[in-house]
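Mapped onto the UniProt record's numbering, the consecutive letters of the sequence shown carry residue numbers 1 to 307.
First up is the structure itself, then whatever we jot down about it.
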Amino acid sequence: MITSTIDLDSGDYHRLTPLQLAAREGDIIAVQEILKATPPHKLSSVVNAPPTGYYGMTALQVACLRSHEEVVRALLGAGADVHMAGGNNTHRNALEMACGAGNTATVRMLLDHGAEVNPRRGAGRYRGRTPLAAAAEGGHVGVVRLLLDLGAHVNASAGRASGCTPLQGACSLPGGNVGLVRLLLDSGAGVDAPAAKTRGWTALQGACLVGNVEVVGLLLAWGGADVSAPGSAFKGGTALHAACARGWVEIVARLLDYGADVNGEAGWDRQKPLQTAAVGGHVEVVEMLRRAGAVGRASGGRCILQG
Numbered sequence: 001m002i003t004s005t006i007d008l009d010s011g012d013y014h015r016l017t018p019l020q021l022a023a024r025e026g027d028i029i030a031v032q033e034i035l036k037a038t039p040p041h042k043l044s045s046v047v048n049a050p051p052t053g054y055y056g057m058t059a060l061q062v063a064c065l066r067s068h069e070e071v072v073r074a075l076l077g078a079g080a081d082v083h084m085a086g087g088n089n090t091h092r093n094a095l096e097m098a099c100g101a102g103n104t105a106t107v108r109m110l111l112d113h114g115a116e117v118n119p120r121r122g123a124g125r126y127r128g129r130t131p132l133a134a135a136a137e138g139g140h141v142g143v144v145r146l147l148l149d150l151g152a153h154v155n156a157s158a159g160r161a162s163g164c165t166p167l168q169g170a171c172s173l174p175g176g177n178v179g180l181v182r183l184l185l186d187s188g189a190g191v192d193a194p195a196a197k198t199r200g201w202t203a204l205q206g207a208c209l210v211g212n213v214e215v216v217g218l219l220l221a222w223g224g225a226d227v228s229a230p231g232s233a234f235k236g237g238t239a240l241h242a243a244c245a246r247g248w249v250e251i252v253a254r255l256l257d258y259g260a261d262v263n264g265e266a267g268w269d270r271q272k273p274l275q276t277a278a279v280g281g282h283v284e285v286v287e288m289l290r291r292a293g294a295v296g297r298a299s300g301g302r303c304i305l306q307g
């Protein structure tokens, strides 16, 4: 039984407050007891206790991340701040987390309490995603439609260091979601937004990396994606490098048909697709590249996967 004698402000850099812990576990009874036991003049500081630690979250953020709808409703009713940013390394707010989790009900609650579809601060610093990008990266079509209907910017840029645009996130989904990609393209998504500086990829590179053959074809045939666009500064490579790294024979063939440079260099060591395929042990791809005119040693490569 939680009583008013508990120090509701307890916590340090490594610990959650009691309310943050209850919210994380989805314990609505504990959340209600804590809120009831808190003096009115202290309620705001307890409900909006800042994140603790490098990856910390507020009570509202962690409840949104884990889709604890009852807890989210209770916290919002107690004055939880929908705009607060998370810990330093992620810096996401509650709406970004709810959109990433794909819970439409939670997303609607946050929007009803003033959450911004297009955050004025832009994408988060490190895992730079807007709410729309977070939903798209998770493959949550319903949330994506909701945000687009409310005016979400389909071409909002990723964070400076890392992250993705909505289309980049959708194209890098394992298994693919062509319907989602079409929805974003129909809404005006640009196919050639550059890769985020450190750990990013273009839409085409993301699709090549995870082997989304149908999405690759869509981006090339309909979107006119640039097969030669550079990757990120961190292990960056072109779309062809990404496909060669994974050994996707059909995608490699498609990229070559669309003019990908078989001898194009990427990364700090100017690695060629031939070396990328070789280090992954993809013999069939190596042979395909040789037939297409690849020159040089099929050795000395490194793993050039982005992300």
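All C-beta atoms, glycine included, are put in the ideal place defined by N, C-alpha and C.
With 16 other Cβ atoms within 10 Å as the buried cut-off, status of Ala-221: exposed
First through last residue of the alpha helix (DSSP H) which encompasses Arg-246: 239-246
Rounded separation between Pro-18 and Val-31 - CA only: 9 Å
Whole-angstrom distance between Asp-186 and Gly-293, CA atom to CA atom: 37 Å
Outcome for Ile-251 when other beta-carbon atoms lying within 10 angstroms are tallied against a minimum of 16: buried
Buried versus exposed, by CB contacts within 10 Å (16 or more), Tyr-55: exposed
Whether Thr-58 touches Asn-48 by CB criterion (8 Å): yes
Host alpha helix (DSSP H) of Lys-36 (start-end): 28-37
Boundaries of the alpha helix (DSSP H) in which Met-57 is found, first to last residue: Note, Met-57: premise wrong, no alpha helix (DSSP H); not H, not E.
Limits of the unbroken alpha helix (DSSP H) element including Gly-206: 203-210
Buried/exposed call for Gly-159, threshold 16 Cβ in 10 Å: buried
Whether Leu-107 touches Leu-132 by CB criterion (8 Å): A quick correction: the sequence has Val, not Leu, at residue 107. No, the pair does not count as a contact, with Cβ atoms beyond the cut-off.
Environment of Gly-200 [buried if 16+ CB atoms lie within 10 Å]: buried
Whole-number beta carbon distance between His-68 and Gly-26, since they are thought to touch under 8 Å: 4 Å
Residues that Arg-199 bridges to, as DSSP identifies them: Ser-162
Local Cβ density within 10 Å of Asp-12, reported as buried at 16 or more and exposed below that: In this prediction, Asp-12 scores a pLDDT of 41, lower than 50, which makes its location untrustworthy; the coordinate-derived value is nonetheless stated afterwards. It is exposed - the Cβ of Asp-12 has fewer than 16 other Cβ atoms within 10 Å.
Rounded C-alpha distance that separates Thr-5 from Val-62: Confidence at Thr-5 is low in this model, with a pLDDT of 35, below 50, so its placement is unreliable and no value can be given for it.
Rounded separation between Gly-77 and Leu-204 - CA only: 43 Å
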